[in-house]
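Sequences listed follow chains A and B, in order. Residues 4 to 349 (the numbering used here) make up the first sequence, in order. Residues 1029 to 1399 (the numbering used here) make up the second sequence, in order.
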Amino acid sequence: MTVVDESGTNQVLRREEALLRVDRVQKYFPITGGGVLKRKVGDVRAVEEISFDIVPGETLGIVGESGCGKSTAGRTIMKLLDPTGGTIEFEGRDITNLDRRAMVPLRREMQMIFQDPYSSLNPRHTVGGIISAPFKVQGVKPARGVQAEVQDLMARVGLNPEHFNRYPNEFSGGQRQRIGIARAIALRPKLIVCDEPVSALDVSIQAQVVNLLEDLQDEFRLAYVFIAHDLSVVRHISDRIAVMYLGRIMEIADAEKIYSSPRHPYTHALTSAVPLPDPKAERSRERILLKGDLPSPINPPSGCVFRTRCPKAQQRCADEIPLLRELAPGHYGACHFPEEKHLIPV
Amino acid sequence: MSAAATTTAESVADRGTDPFLKVEDLRVQFPTEDGVVSAVDGVSFSVQKGKTLAIVGESGSGKSVTSQAIMGLVNRKTATMTGEVRLDGEELVSARPEQVRSLRGKRMAMIFQDPLSSLHPFYSIGKQLTEAIRVHQDVSKAAALKQSTEMLARVGIPSPERRVNDYPHNLSGGMRQRVMIAMALLNDPELLIADEPTTALDVTVQAQILDLLRDLQKEFGTAIVLITHDLGVVADMADDVVVMYGGRIVERGGIDDIYYRPEMPYTWGLLGSVPRMDVNRSERLEPIPGQPPSLIRLPKGCVFRPRCPYHELVPGDRCDTERPDLLPVSPDHAVRCHIEPAQRREIAIERLGAQVEAAPDARATTGMEDK
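And the structure:
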């Protein structure tokens, strides 16, 4: 029996100047039975009541393992998927129920960068065509002409502007990701959702792209939602980090705090599992091994979704869903028995 | 919680005995329409039983082709292969394919990166495992199935009696990787080659799998060749490290040599490129500029020259015209670079600062001991 205190809701940081505010957003995918009627037999609960806000120039990292709902969360925020519940506000305006056409002007303000630099660029379009597409779609005519603008953008992201007539297959993975970035920043958006932007790249190239994203943020005061499974990269680039597990936010705090003093047992296990590129530090540290596999999001565990793998789980965890609450200033965790402060000295 | 780091003393002691795997001047070339691709060019290293050698490099560095060459998986119709691969003294490059096949799966086994494409989707886990046993051992199906079930339990698969009837698609990614490891270990191989064994997995599952490999190595004394691009995994697992770039070894050494006394500009670049969980967040990453080279049109001099920020330190145009040799700087540590060793050490300390200086057995003290 799952009991939720009706009066209680997740506590979250709410800032006046928020660019984007996500409030108890849910995304369910219906599962339909066989047969002609396609009756709905259940839901995949991909995203369950997530709430956060982002201020201009800030980077919010979303981390979690495969199947935790981080990519669905990113797509739902972008309204590429329609949320099942909750509200999304952009610059104070409720955009939750806007249809595709009503979203078009907003696409100038919010853009996306995808993981796979191979399938996210049309192989039949030239690089110039790809980067200038946002101008066409939005009917924007830059004062100096589209081509000059595109070449400026290419130079800005570190591509040779003379290559604007080439096709994507003539570029390496890192360069293609730069093309995707040039397209995303073409209309000077305020928010970019980056879904695993560097995971397909080699380490040396990964660092180039991370540095580029940081420089562009400083220059245009961009806000990023940075979705990735690599905790070291997310920690490096983010101001705040939300840790997701089975569709829910388990913990959200400043990037530094997520590593130095994780309060949720899942965050603790996750951070302890990331190997450090330093043999002495790596071999001397304590690692928390999680048992078992991720439960199914179709039929998640009662109470706390992490309890089936949590080393600290007790009866209360099965009975009662833990809500996000403020454990320290700006540090929110959803756990009945949060970890003590300062587990790992920095 | 992991095996103690190898000390220099231990590695020195090891050099007396014959290594279990010895690769000598290995070359693999693929002729293509655009020219000859030298995927592996004069690679030499060795691994002792019970030890782990990590091969580190980016895409196109030749690390995967090296492992396929050891396992005899390079297609001789499309590639030429020269050099020596000695497995417990037995030479494999010139051996007949049947001879290599009889060793593969028995004395040496491989774990691939992607378990979904390496397991057959049509056959149950049990069938695939028992086949692997019965190819090399003369046992009944029932006995082989019992052995398979035991191995699945050993690699941490819950209720293995039921799992043997499952098909690969019934299992999660971590479970599939365990099945792959179980399959590789069935015939107690003495050499295990793991090609990016955890790259497709989540970190918490990766931690489980690496733990498992370490336990099995302790138990069976397996020699492991670990191929990866993840410097964190290397720091966790390896005794010795080979850094590859453009089909060549550019630096080779004990784990501490590579992390605390690196001397090759490419190794510095790799170490500077990875964000670390345990250092100040505001530190900017130092990526390696440019792109990895095309293996068809390799630079004439040092293969790393086009991306190397330090080539001006070498007088004349040696970096452009002369391929540097892999020269030893200490008994276990060799570097391929024209820059003067003393100057390299200075740059390493300047670039990687804390990490290099933090090494408790810094070069100065080691030098004293040697005297």
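All C-beta atoms, glycine included, are put in the ideal place defined by N, C-alpha and C.
So which residues of chain B does Val206 (chain A) contact, with C-beta pairs closer than 7 Å? Your numbering for residue 206 (chain A) matches position 203 in the first sequence. Listed along the chain, the chain B residues whose CB falls inside 7 Å of the CB of Val206 (chain A) are Glu1086, His1257, Leu1298, Ser1301 and Val1302.
Can you find a C-beta in chain B that's less than 8 Å from the C-beta of Asn214 (chain A)? As a position in the first sequence, residue 214 (chain A) is number 211, starting the count at 1. So yes, Asn214 (chain A) belongs to the interface.
According to DSSP, Gly64 (chain A) sits in a beta bridge with which residue or residues? By one-based count along the first sequence, residue 64 (chain A) stands at place 61. A:Phe229 and A:Ile244.
Verify the CB distance criterion: does Pro1225 (chain B) have a CB-CB separation below 8 Å to chain A? Start at 1 with the first residue of the second sequence, and residue 1225 (chain B) comes out as number 197. For Pro1225 (chain B), the answer is no, since every Cβ of chain A falls outside 8 Å of its Cβ.
Counting only beta-carbon atoms, is His232 (chain A) nearer than 8 Å to chain B? Position 229 of the first sequence, counted from the start, is the residue given in the question as residue 232 (chain A). So, interface residue.
Using a C-beta to C-beta distance shorter than 9 Å, which residues of chain B count as neighbours of Asp221 (chain A)? Here residue 221 (chain A) corresponds to residue number 218 of the first sequence, with the count starting at 1. For the C-beta of Asp221 (chain A), not a single chain B residue is nearer than 9 Å; the gap to the nearest is close to 11 Å.
Asp1353 (chain B) Cβ short of 7 Å to the ligand MG heavy atom set: Only the bare structure without any ligand can be found here, which leaves the ligand MG out of the picture.
Grab the span of the beta strand (DSSP E) containing Gln114 (chain A) for me, first residue to last. Taking the first residue of the first sequence as position 1, residue 114 (chain A) is located at position 111. Here the beta strand (DSSP E) through Gln114 (chain A) covers Met113 to Ile116.
At a cut of 8 Å, does the segment 314–331 of chain A reach the segment 1286–1306 of chain B through at least three beta carbon pairs? no
Helix, strand or coil, according to DSSP, for Gln29 (chain A) in the structure here? Along the first sequence, read from residue 1 onward, the residue named residue 29 (chain A) stands at position 26. Here Gln29 (chain A) sits in strand by DSSP.
Cross-strand partners of Tyr1273 (chain B) (DSSP beta bridge): Start at 1 with the first residue of the second sequence, and residue 1273 (chain B) comes out as number 245. Looking at the DSSP assignment, Tyr1273 (chain B) forms a beta bridge with B:Arg1276.
Suppose you measure from the CA of Pro1149 (chain B) to the CA of Leu1101 (chain B); what does that come to, to the nearest Å? Sequence index remark: in the second sequence, residue 1149 (chain B) carries index 121 (1-based). Sequence index remark: in the second sequence, residue 1101 (chain B) carries index 73 (1-based). So the alpha carbons of these two residues sit roughly 21 Å apart.
Looking only at C-alpha atoms, which of B:His1197, B:Pro1334, B:Gly1344 and B:Asp1230 sits nearest to Ser69 (chain A)? Residue numbering aside, residue 69 (chain A) sits at position 66 when the first sequence is read from its first letter. When C-alpha distances from Ser69 (chain A) are compared across B:His1197, B:Pro1334, B:Gly1344 and B:Asp1230, the shortest belongs to B:Asp1230.
Sequence ranges, alpha helix (DSSP H) only - wholly within the segment 307–339 of chain A, length at least 4: 318–322
Would you say His239 (chain A) faces chain B, with C-beta separation under 8 Å as the test? Here residue 239 (chain A) refers to the residue found at position 236 of the first sequence. It does: the Cβ of His239 (chain A) has a partner Cβ on chain B nearer than 8 Å.
Give the interface partners of Asp1268 (chain B) over in chain A, defined as CB-CB distance under 9 Å, in chain order. Taking the first residue of the second sequence as 1, we reach residue 1268 (chain B) at position 240. Correct list: empty, because the minimum Cβ distance to chain A is about 12 Å.
By the criterion of Cβ-Cβ separation under 8 Å, what are the contact partners of Arg179 (chain A) in chain B? The residue given as residue 179 (chain A) occupies position 176 in the first sequence. Those do not exist, as Arg179 (chain A) stays about 12 Å from chain B at its closest Cβ, beyond 8 Å.
Who are Pro1356 (chain B)'s beta bridge partners in DSSP? Working through the second sequence from its first residue, we reach residue 1356 (chain B) at position 328. In DSSP, Pro1356 (chain B) forms a bridge with B:Ala1362.
Check for me: the beta strand (DSSP E) holding Met1012 (chain B) runs from which residue to which? Nothing about residue 1012 (chain B) can be reported from this structure: the residues present for chain B run from 1029 to 1399 only.
Just checking: is the beta-carbon of Ile1283 (chain B) within a distance shorter than 8 Å of some beta-carbon in chain A? Residue mapping note: residue 1283 (chain B) aligns to position 255 of the second sequence, counting from 1. Cβ-Cβ to chain A under 8 Å: yes for Ile1283 (chain B).
Along chain A, which residues have their Cβ under 7 Å away from the Cβ of Thr1232 (chain B)? Along the second sequence, one-based indexing puts residue 1232 (chain B) at 204. Those within 7 Å of Thr1232 (chain B) in chain A are Glu68, Ala272, Leu273, Ala276 and Leu293.
How is Gly1070 (chain B) classed by DSSP in three states: helix, strand or coil? Residue numbering aside, residue 1070 (chain B) sits at position 42 when the second sequence is read from its first letter. Gly1070 (chain B) falls in the strand class under three-state DSSP.
Among A:Arg181, A:Pro33, A:Glu342 and A:Leu279, which residue has its Cα nearest to the Cα of Asp119 (chain A)? Position 116 of the first sequence holds residue 119 (chain A). Checked all of A:Arg181, A:Pro33, A:Glu342 and A:Leu279; the closest Cα to Asp119 (chain A) is A:Arg181.
Taking only runs of the beta strand (DSSP E) that begin and end inside the segment 1120–1200 of chain B, which ones reach a length of at least 3 residues, in chain order? 1136–1139
Whole-angstrom distance between Ile301 (chain A) and Ser74 (chain A), CA atom to CA atom: As a first step, residue 74 (chain A) is located in the first sequence; it is residue number 71 there, counting from the start. As a first step, residue 301 (chain A) is located in the first sequence; it is residue number 298 there, counting from the start. Near 17 Å, if we compare the C-alpha coordinates of Ile301 (chain A) and Ser74 (chain A).
Residues of chain B with CB closer than 7 Å to the CB of Val236 (chain A), please, in chain order. For the purposes of this step, residue 236 (chain A) is taken as residue 233 along the first sequence, with counting starting at 1. Those within 7 Å of Val236 (chain A) in chain B are Pro1303.
Please name the residue, chosen from B:Arg1206, B:Ala1170, B:Ile1161 and B:Ser1168, that lies closest to Ala1181 (chain B) on a Cα-to-Cα basis. Translated into the one-based positions of the second sequence, residue 1181 (chain B) becomes position 153. Selected option, being the one with the closest Cα: B:Arg1206.
Skipping 5 residues on each side, what residues in its chain have a beta carbon closer than 7 Å to that of Arg1333 (chain B)? Here the question's residue 1333 (chain B) lines up with position 305 in the second sequence. Correct list, in chain order: Pro1327, His1339, Cys1347 and Asp1348.
Does the segment 1313–1322 of chain B come close enough to the segment 196–214 of chain A to have 3 or more Cβ pairs within less than 8 Å? Yes: at least three Cβ pairs fall under 8 Å.
Could you work out which residues of chain A lie near Ile1316 (chain B), taking near to mean beta carbons separated by less than 7 Å? What you label residue 1316 (chain B) is simply residue 288 of the second sequence in a count that begins at 1. Residues of chain A passing the Cβ test: Ser207.
Just to confirm, are Pro280 (chain A) and Leu1259 (chain B) a CB contact at a threshold of 8 Å? Here residue 280 (chain A) corresponds to residue number 277 of the first sequence, with the count starting at 1. Here residue 1259 (chain B) corresponds to residue number 231 of the second sequence, with the count starting at 1. Yes; because the gap between Cβ atoms is below 8 Å, this pair is in contact.
Under a three-way DSSP split, which group does Lys1050 (chain B) fall into? Here residue 1050 (chain B) corresponds to residue number 22 of the second sequence, with the count starting at 1. Of the three classes helix, strand and coil, the one that applies to Lys1050 (chain B) here is strand, per DSSP.
Might you give, ordered along the chain, the residues of its own chain that have their beta carbon closer than 6 Å to the beta carbon of Arg1043 (chain B), omitting 5 neighbours on each side? As a first step, residue 1043 (chain B) is located in the second sequence; it is residue number 15 there, counting from the start. Note that Arg1043 (chain B) has pLDDT 46, beneath the 50 cutoff, so the model's placement of it is unreliable and no number is given.
Using only the alpha-carbon positions, how far apart do Leu327 (chain A) and His1197 (chain B) sit? The residue given as residue 327 (chain A) occupies position 324 in the first sequence. The residue given as residue 1197 (chain B) occupies position 169 in the second sequence. For Leu327 (chain A) and His1197 (chain B), the distance between alpha carbons rounds to 36 Å.
For a test of the three-state rule: what should DSSP assign to Gly1088 (chain B), helix, strand or coil? Working through the second sequence from its first residue, we reach residue 1088 (chain B) at position 60. Note: Gly1088 (chain B) maps to coil in three-state DSSP.
Spatially closest choice to Leu292 (chain A) from A:Ser299, A:Ser123, A:Cys307 and A:His271, by CA coordinates: In the first sequence, counting from the first residue as 1, residue 292 (chain A) sits at position 289. Taking only the C-alpha atoms, the option nearest Leu292 (chain A) is A:His271.
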